[in-house]
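Student:
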Amino acid sequence: DTEVTQTPKHLVMGMTNKKSLKCEQHMGHRAMYWYKQKAKKPPELMFVYSYEKLSINESVPSRFSPECPNSSLLNLHLHALQPEDSALYLCASSRVSPSTYNEQFFGPGTRLTVL
Amino acid sequence: ILNVEQSPQSLHVQEGDSTNFTCSFPSSNFYALHWYRWETAKSPEALFVMTLNGDEKKKGRISATLNTKEGYSYLYIKGSQPEDSATYLCASFGGANNLFFGTGTRLTVIP
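Below you can see the structure in the form of structure tokens.
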């Protein structure tokens, strides 16, 4: 199984809602990542988990809260988002961290719209 | 933050034509250069991870070269097929586990 799955595929939420994005991989990878991609822009790293511990937080606002319950699962909890947070959220994993020499395996993304 | 640039932004080629596009990245403190292929509505898929100056990698009809001294990489597709239509992303590894992506080259192969 070389697949990274993400749910849901699409999410529409209001600014007062609380929702979560989920990501799962069963490749035994020990590093997992959240990226954000706005239209016509490159994906930007948000968080990195290495061996289930948060190793990088790229100055992301606290309304985004990551969680890594185990080595296969990665969540992104969303609360009090702003319309400008609407974007494609990509999850990725790699065999180890850092992934200098290791390719990252990406999920298909969750398309988030904040109203 | 690493400034990674790709050109052209988009490209249309006829089936059977060969094509290439460019990724430019800062040459100082270079670690690695990743290439990904991203078909619409699918997941980005890794093509190559390149680290050594002068490196050349090949996967089927797709190949890539790397020049770390001048800070560029070329991706070549030989005999383009409609299934090659996708966005091709490059990313430079910036240390501290951060990949800095370009905006991609969107390739359309016309049957």
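Chains G and C are the protein sequences, given in the same order. My numbering puts the first sequence at residues 38 to 152. My numbering puts the second sequence at residues 120 to 230. Heads up, the beta-carbon is just placed ideally off N, CA and C, and yes, glycines get one too. The structure presented is a predicted model; accordingly, all values stated were derived computationally and were not measured.
1) Return the residue from the list Met83/G, Glu104/G and Leu152/G that minimises the CA-CA distance to Arg114/G.
2) Hey, is Lys77/G's beta-carbon within less than 8 Å of any beta-carbon in chain C?
3) Run through DSSP, which three-state label would Pro145/G get?
4) With 16 other CB atoms within 10 Å as the buried threshold, where does Tyr88/G fall?
5) Under 8 Å, Cβ to Cβ, is there at least one residue of chain C near Tyr138/G?
6) Which residue comes first and which comes last in the beta strand (DSSP E) that contains Phe167/C?
7) Using C-beta distances below 7 Å, list every residue in its chain close to Met83/G, excluding the 5 sequence neighbours before and after it, in chain order.
8) Please name the residue, chosen from Ser137/C, Ser129/C, Thr141/C and Gln133/C, that lies closest to Ala210/C on a Cα-to-Cα basis.
9) For chain C, check one thing: does any of its Cβ atoms lie closer than 8 Å to the Cβ of Val41/G?
10) Ordered along the chain, which non-local residues of its own chain (more than five positions away) have a Cβ less than 7 Å from that of Ala165/C?
11) Distance cutoff 8 Å, beta carbons only. Does Thr227/C sit that close to anything in chain G?
12) Buried or exposed: which applies to Ala76/G, given that a residue is buried once 16 or more other Cβ atoms fall within 10 Å of its Cβ?
13) Can you give the Cα-Cα distance for Leu191/C and Leu48/G, rounded to whole angstroms?
14) Which residues in chain C sit within 7 Å of Leu82/G, going by Cβ to Cβ distance?
Tutor: Taking the structure as given:
1) As a working note, residue 114/G is residue 77 in the first sequence. Before going further, note that residue 114/G is His rather than Arg in the sequence given. When only C-alpha atoms are compared, the closest one is Glu104/G.
2) On the first sequence, position 40 is the one that residue 77/G refers to. Cβ-Cβ to chain C under 8 Å: yes for Lys77/G.
3) As a working note, residue 145/G is residue 108 in the first sequence. Looking at Pro145/G - three-state DSSP - the assignment turns out to be coil, as it is neither helix nor strand.
4) Reading the first sequence from its first residue, position 51 is the one you call residue 88/G. Per the 10 Å Cβ criterion, exposed.
5) On the first sequence, position 101 is the one that residue 138/G refers to. True, the Cβ-Cβ gap to chain C drops below 8 Å.
6) Within the second sequence, numbered from 1, the residue matching residue 167/C stands at position 48. Counting along the chain, the beta strand (DSSP E) containing Phe167/C begins and ends at Glu164 to Met169.
7) Mapped onto the first sequence, residue 83/G falls at position 46. Answer for Met83/G: Trp71, Tyr72, Lys73, Glu95, Val97 and Phe101, listed in chain order.
8) Reading the second sequence from its first residue, position 91 is the one you call residue 210/C. Among Ser137/C, Ser129/C, Thr141/C and Gln133/C, the Cα nearest to that of Ala210/C belongs to Thr141/C.
9) By one-based count along the first sequence, residue 41/G stands at place 4. Taking Cβ atoms only, chain C reaches closer than 8 Å to Val41/G, which makes this a yes.
10) The residue labelled residue 165/C in the question sits at position 46 within the second sequence. Counting only Cβ-Cβ distances below 7 Å, and skipping sequence neighbours, we find His153 and Tyr155.
11) By one-based count along the second sequence, residue 227/C stands at place 108. Not an interface residue.
12) Reading the first sequence from its first residue, position 39 is the one you call residue 76/G. Ala76/G should be labelled exposed.
13) Taking the second sequence and counting its residues from 1, the one referred to as residue 191/C is at position 72. Taking the first sequence and counting its residues from 1, the one referred to as residue 48/G is at position 11. Reading off the sequence shown, one finds Tyr at residue 191/C, where the question assumed Leu. Looking at the two C-alpha atoms, the distance is approximately 38 Å.
14) On the first sequence, residue 82/G is found 45 positions in, with the first residue counted as 1. By Cβ distance, chain C contributes Asn217 and Leu218.
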